[in-house]
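Numbering (the numbering used here), first residue to last: 5 to 120.
Glycine residues also receive a C-beta, built at the ideal position from the N, C-alpha and C atoms.
Note sheet for the following structure.
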């Protein structure tokens with residue numbers, strides 16, 4: 005009989021790829037009505053996966069702990085701190101133009117990308 009890997013171990017293994025990690029977080033942001041803890045869980049999983057490459061084990065734990073503080077912020081403080089937090093992991097927070105396929109737009113401004 006085939007044995008399967010525990011889900012969390014498999015997930016963390018896949019999230020070590022930055023493109024998959026970015027897509028995982030993006031999927032949470034695109035949810036219509038996400039569960040309240042979904043973003044925190046997704047970011048924690050990504051931090052667990054990517055911190056090994058970018059941080060010492062002690063720094064990785066501190067970085068994951070800092071997430072709780074960041075998610076208590078609001079407005080521009082939240083956005084700026086989250087962008088910095090992601091950058092440490094080798095990711096960046098960006099804004100892209102929605103397409104007609106997104107079913108959430110009322111009109112399109114331009115085809116550009118803004119880095120936060």
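Shortest Cα-Cα distance from residue 22 to any of 99, 103 and 58 involves 58.
Between the alpha carbons of residue 91 and residue 38 lies a gap of roughly 24 Å. Apart from the 5 residues on each side of it in sequence, residue 71 sits with its Cβ closer than 8 Å to the Cβ of 44, 47, 48, 51 and 89 in its chain, given in chain order. Annotation: the continuous alpha helix (DSSP H) that includes residue 61 extends over 61-74. Collapsing the DSSP output to three states places residue 21 in coil. In the three-state reduction of the DSSP assignment, residue 79 falls in the helix class.
Exclusion of the five residues before and after residue 42 leaves 32 and 35 as the residues of its chain whose Cβ lies within less than 8 Å of its Cβ.
Counting other Cβ atoms within 10 Å of its Cβ, residue 29 reaches 16 or more and is therefore classed as buried.
Straight-line spacing of the CA atoms in residue 83 and residue 11 works out to 30 Å.
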